[in-house]
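The numbering of the sequence shown is full-length UniProt numbering, which starts it at 1 and goes up by one.
C-beta: ideal position from N, C-alpha, C; glycine also.
The structure presented is a predicted model; accordingly, all values stated were derived computationally and were not measured.
The structure appears right after this line, and notes come after that.
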Amino acid sequence: MQRQAKRPNFRVEKKLWKRFGSKKITPRQREKGAKWIKENATSWGVGEVSTSVINRLGMAKATKTAFRKSVSEARKRLGKSIDYLLIDAFFIPYVRGNPKGRQMAIVAGDEKSLSIAAASMIAKVYRDRIMLKLGKKPKFKKYGWGRNKGYGTKAHQLAIKKYGITRYHRKDFV
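Given below as structure tokens:
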């Protein structure tokens, strides 16, 4: 028996998103939301690049590289090309299988588009899991990644000053 996905009520969801966007809800709510999105979305993908790529290319180019990987993964899951891309903030050139002009960059897109908001939630949960896993390793516990998830909190900055940076630190942010 095939499970039927709930049909979304976009007016209600948009109001909820403005109130409970991925940065405004608890990690547990974010986890549940990302799981629901993955189970009910037509397709989704995650693209990842290493810290060394970020340090070498810079955040903007590395983000575009990761975005292309996520589109490729979503296309494979879907089994056909993606009709149109909505992107948070900036245009992504050279997306394989996506003709030029078949994307729209929306500034503050996660506040204006449910698709972008959903992608943002999946990405945040994915990155948080990486940081939590790293934070459990004995040699990285001192950086507090289990709590700060790699963001530059005061405690994290003090740990960097005391212990130095690791290969997982993005040098532009230190």
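Between Ala119 and Ser72, the CB-CB gap reaches or exceeds 9 Å.
Taking the Cα positions, Asp88 is about 11 Å away from Thr63. Of the candidates Ile116, Lys171, Asn55 and Lys139, Ile116 places its Cα closest to the Cα of Val107.
CA-CA distance, Leu86 to Val49, rounds to 21 Å.
The beta-carbon distance between Ile37 and Met121, rounded to whole angstroms, is 6 Å. This is short enough to meet the 8 Å contact definition. For Phe90, the closest of Ser81, Gly101 and Asp83 by C-alpha to C-alpha distance is Gly101. Inter-residue distance for Lys137 and Thr166 is about 13 Å (C-alpha atoms, whole angstroms).
Taking each of Lys141, Val53, Asp128 and Ile92 in turn and checking the Cα distance to Ala105, the smallest one comes out for Ile92.
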